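Residue numbers (the numbering used here): 8 to 689. Worksheet: one structure, shown below.
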């Protein structure tokens, strides 16, 4: 997926403007109660422009011009509000368009029951169909590899150029439609029907066409609607009151007052903030199945992470050679490297690399005549048998001990002691043998990923508890937990243990996030409030999670949590700014309304605005232009910094509350001065 960093482009501006005009349709605008009220006001002021006497007003050229000016500003306010949402949606649609390019009219080789192949359009594939994909062909639909293994280019989906391995069995059998098989061939069972593929879901999600409002967004919408109704009632009561004091106020002015007092800023930007939040998650190559998942990430209390591949690199690496008895270090290193020379596992390669630091680096070509013994679950050891009969082995300590005794060798007295020493340190010991003699141990260590301790410290500052789950023994788990800096750990964890942990945390009223990629993780992913499934994982895991990481990086949960918090903070910041704006507008409009009847109200005219008409027009203009000024903030989001709730509230009030009060005083006064230059003083 292309990771564009552009906030705005000419093409996006044109399409967003067109969409903003389309959204003027009352049937669409009614979904936004605040802006719908503004549109009703604009319709009424337009009618008053045509016939100023319509609601008992007076007819004059100046009144018509005033009504027309109010109408134009109200229409611009609606357009700016629609434009903000259109920009957010437009960015998503641009991403969707790039995804659609991967969804061409593909052909698939479907296998019939008798084994005969037939070529059919990808759209004809159904769940359960078997297809054969050869090297160089596109995978036409989502499925699971049931035979074969091959290299797959997923750059069209993930944006990452490095190919990945997909094959039958295990947790790397899932394949995605729109990706390309680079080598070998795969027999794939289709797991979705047309229109339900991962790519289809991605397109729908990034377009935001069917985006449902989140609970937080719904609650805020209800609050905004409530405030709008309250101000509507307040403004409506001003009309009879004005007649009572024999100082009638025209309808256009009351409409202008209503529009300035209702929370138009947050009402215009609310949808844009939600869409932009999902967009930011997508730019991290994470697909959120709903906005609710992104919001929930912002309120997470507990984060559950697998050890292997998440906290640790995922493969135990050789970190030390330990001799036993009277054996020489150089001999131990020599035999350890030879036993690993043809071992292609990460552990085997790490032994060879560690041997190089001791100056021992034999070439494979020198031992092509040797018999290679590959590791197996039965033998639990590997190595070489040289042409002269020399036997070199490495493997589990108990297996190597038995091998030595079976060949009339001796077990060094300090072997068990040093084996226990490695185990207590959280490592895995492998014994090294030449013929019947044990030379020592290889210390395999789980390597914690660089920077993990700092990242967990950051989560702790956010108030998030981290829990590591691992199948390791408690001693190893404790060692890794301390090194990584997690708050807690569960050793020898089974799938049901993860479920139990999630449920117990949720019963305490906490929100839980978890990452996983295997079928055995699916129940826990479904139970978690935020379930981040790996794209390399099984279909069951991806279906269970409410987020999918296209890069298959489990630590991405940390970024997702930050984005979720950023979304909530941005919404809160702009809401604070919007409501604070109203304070300044009171000082601009209320004196303008009643100063003729109640001269004492002129004391509230602290901005010293030139005339009541200018005061109302200036307040309306500021109310409109502040919306596009805040669009970049809504799109980019307020930067999140780890702090407690009290600090966050104070920061919000200081920056956006105080800023929301001060900026209208400055803005309205500047607009008033500009109006004096253009129109003179009225």
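C-beta atoms are modelled at their ideal positions from N, C-alpha and C, and glycine is treated no differently. Here the structure is a predicted model, which is why all the values come from computation and not from measurement.
Next on the checklist: Per DSSP, what are the beta-bridge partners of residue 192 in this structure?
Outcome noted: Translated into positions along the chain shown, residue 192 becomes position 185. Answer by DSSP bridge pairing, in chain order: 141.
- Would residue 475 pass as a contact of residue 312 if the rule is Cβ separation under 9 angstroms? Within the chain shown, residue 475 is the residue found at index 468, counting from 1. Within the chain shown, residue 312 is the residue found at index 305, counting from 1. Result yes, Cβ atoms of residue 475 and residue 312 sit closer than 9 angstroms.
Residue nearest to residue 271 in terms of C-alpha spacing, selected from 131, 235, 641:
One-based indexing of the chain shown puts residue 271 at position 264. Checking every option, the nearest Cα to that of residue 271 belongs to 235.
Margin query: Under 8 angstroms, with one C-beta from each stretch per pair, do the segment 436-447 and the segment 417-425 reach the 3-pair mark?
Written below: yes
| Residues of its chain near residue 7, where Cβ-Cβ distance is below 6 angstroms and the 5 sequence neighbours each way are ignored | Any question about residue 7 goes unanswered here, given that the chain covers just 8 to 689.
request  = Name the residue from 443, 437, 442, 462 whose alpha carbon lies nearest to the alpha carbon of residue 452.
outcome  = Taking the first residue of the chain shown as position 1, residue 452 is located at position 445. Nearest of 443, 437, 442, 462 to residue 452, Cα basis: 437.
| field | Which of helix, strand or coil DSSP assigns to residue 328 | value | Within the chain shown, numbered from 1, the residue matching residue 328 stands at position 321. Residue 328: strand per DSSP, three-state reduction.
Please tell me whether, using a cut-off of 8 angstroms, the distance from the CB of residue 569 to the nearest non-hydrogen atom of the ligand GTP is below it. What this structure holds is no ligand at all, so the ligand GTP is not there to describe.
Does residue 615 pass the burial test, meaning 16 or more other C-beta atoms within 10 Å, or should it be called exposed? In the chain shown, residue 615 corresponds to position 608, counting from 1. Looking at its Cβ environment, which holds fewer than 16 other Cβ atoms inside 10 Å, residue 615 is exposed.
- How should residue 610 be labelled, buried or exposed, when 16 other C-beta atoms within 10 angstroms of its C-beta is the threshold for buried? By one-based count along the chain shown, residue 610 stands at place 603. With fewer than 16 Cβ atoms within 10 Å of its Cβ, residue 610 is classed as exposed.
Beta-carbon proximity check, residue 45 vs residue 269, cutoff 9 angstroms
As a working mapping, residue 45 is identified with position 38 in the chain shown. As a working mapping, residue 269 is identified with position 262 in the chain shown. The answer is yes: Cβ separation under 9 angstroms.
Exercise. Thinking C-beta only, is residue 87 closer than 9 angstroms to residue 635?
Worked result: Counted from its first residue, the chain shown places residue 635 at position 628. Counted from its first residue, the chain shown places residue 87 at position 80. In contact: residue 635 and residue 87 (Cβ atoms closer than 9 angstroms).
| query | Cβ of residue 682 within 9 angstroms of Cβ of residue 626? | reply | If you number the chain shown from 1, residue 682 lands on position 675. If you number the chain shown from 1, residue 626 lands on position 619. Going by C-beta atoms, residue 682 is not nearer than 9 angstroms to residue 626.
Tell me which residues share the same chain as residue 114 and place their Cβ nearer than 8 angstroms to its Cβ, disregarding the 5 neighbours each side in the sequence.
As a position in the chain shown, residue 114 is number 107, starting the count at 1. Hits under 8 angstroms: 126, 127, 128, 129, 147.
For the pair the segment 478-492 and the segment 510-518, tell me if three or more CB-CB distances fall below 8 angstroms.
no
**Asked** Cβ of residue 223 within 9 angstroms of Cβ of residue 302?
**Response** To locate residue 223, count along the chain shown from 1; it is residue 216. To locate residue 302, count along the chain shown from 1; it is residue 295. Cβ distance < 9 angstroms, so residue 223 and residue 302 count as in contact.
Quick check on residue 573: buried or exposed, where buried means 16 or more other Cβ atoms within 10 Å of its Cβ? As a working note, residue 573 is residue 566 in the chain shown. Buried, since its Cβ has 16 or more Cβ neighbours within 10 Å.
Leaving out five residues on either side along the sequence, give the residues of the same chain with a beta carbon under 7 angstroms from the beta carbon of residue 629.
Residue 629 sits at position 622 when you count from the first residue of the chain shown. Same-chain partners within the cutoff: 671, 674, 675, 678.
ask   = Can you tell me whether DSSP reads residue 314 as helix, strand or coil?
value = Numbered from 1 along the chain shown, position 307 holds the residue referred to as residue 314. Looking at residue 314 - three-state DSSP - the assignment turns out to be coil, as it is neither helix nor strand.
Original post:
If we count the other Cβ atoms within 10 Å of its Cβ and call it buried at 16 or more, is residue 408 buried or exposed?
Top reply: For the purposes of this step, residue 408 is taken as residue 401 along the chain shown, with counting starting at 1. So residue 408 ends up on the buried side.
*Evaluate contact between the segment 185-205 and the segment 138-146, counting only Cβ atoms and requiring at least three cross-stretch pairs below 8 angstroms.*
yes
Open item on the list: Can you tell me whether residue 160 is helix, strand or coil according to DSSP?
Closed with: Within the chain shown, numbered from 1, the residue matching residue 160 stands at position 153. Residue 160: strand per DSSP, three-state reduction.
Legend entry - Cβ neighbours of residue 488 in the same chain (closer than 8 angstroms, five flanking residues each side left out): As a position in the chain shown, residue 488 is number 481, starting the count at 1. Contacts found: 475, 495, 496.
- Buried versus exposed call for residue 258 [16 or more other C-beta atoms within 10 Å across all chains shown]: Counting from one through the chain shown, the residue named residue 258 turns up at place 251. By the 10 Å Cβ count, residue 258 comes out buried.
Straight-line Cα distance separating residue 526 from residue 534 = Here the question's residue 534 lines up with position 527 in the chain shown. Here the question's residue 526 lines up with position 519 in the chain shown. The straight-line gap from Cα to Cα measures roughly 14 angstroms.
Does the beta-carbon of residue 23 have 16 or more other beta-carbons within 10 angstroms, so that it is buried, or is it exposed? The sequence position of residue 23 within the chain shown is 16, counting from 1. It counts as buried.
Next on the checklist: Looking only at its chain, what residues have a beta carbon closer than 8 angstroms to the beta carbon of residue 392, apart from the 5 residues adjacent to it on each side?
Outcome noted: In the chain shown, counting from the first residue as 1, residue 392 sits at position 385. The residues are 377, 378, 380, 398, 399.
By the three-class DSSP mapping on this structure, what secondary structure does residue 684 have?
Here residue 684 refers to the residue found at position 677 of the chain shown. Note: residue 684 maps to helix in three-state DSSP.
### Query
Using DSSP with H/G/I as helix, E/B as strand and the rest coil, what is residue 217?
In the chain shown, counting from the first residue as 1, residue 217 sits at position 210. Model confidence at residue 217 stands at a pLDDT of 46, short of 50, so the residue's coordinates are unreliable; what they give is reported in the following sentence. Coil.
- prompt: Which whole-angstrom value describes the C-beta separation of residue 274 and residue 31, a residue pair presumed to lie in contact below a C-beta threshold of 8 angstroms?
  reply: For the purposes of this step, residue 274 is taken as the residue at position 267 of the chain shown. For the purposes of this step, residue 31 is taken as the residue at position 24 of the chain shown. Not really, about 15 angstroms apart at Cβ, beyond 8 angstroms.
Q) Anyone know if the C-beta pair for residue 304 and residue 571 falls short of 9 angstroms? A) Taking the first residue of the chain shown as 1, we reach residue 304 at position 297. Taking the first residue of the chain shown as 1, we reach residue 571 at position 564. For residue 304 and residue 571, yes; Cβs fall inside 9 angstroms.
Give every residue of the same chain whose Cβ lies closer than 6 angstroms to the Cβ of residue 26, excluding the five residues on either side of it in the sequence, and list them in chain order. Sequence index remark: in the chain shown, residue 26 carries index 19 (1-based). Once the five neighbours on either side are set aside, the close Cβ partners of residue 26 are 93.
Requested in this report: Indicate the three-state DSSP secondary structure (helix, strand or coil) for residue 459 in the structure shown.
Outcome: Indexing the chain shown from 1 puts residue 459 at position 452. Residue state, collapsed to three classes: helix.
Q: With distances taken Cα to Cα, identify the nearest neighbour of residue 546 among 97, 149, 35, 116.
A: Start at 1 with the first residue of the chain shown, and residue 546 comes out as number 539. For the residues 97, 149, 35, 116, the minimum Cα distance to residue 546 belongs to 149.
- request: Return the CA-CA distance between residue 54 and residue 72, expressed in angstroms with no decimal places.
  value: Taking the chain shown and counting its residues from 1, one reaches residue 54 at position 47. Taking the chain shown and counting its residues from 1, one reaches residue 72 at position 65. Answer to the nearest angstrom: the Cα atoms are 13 angstroms apart.
> Cβ atoms of residue 172 and residue 133: under 9 angstroms apart, would you say?
Replying inline: The residue labelled residue 133 in the question sits at position 126 within the chain shown. The residue labelled residue 172 in the question sits at position 165 within the chain shown. Not closer than 9 angstroms, so no.
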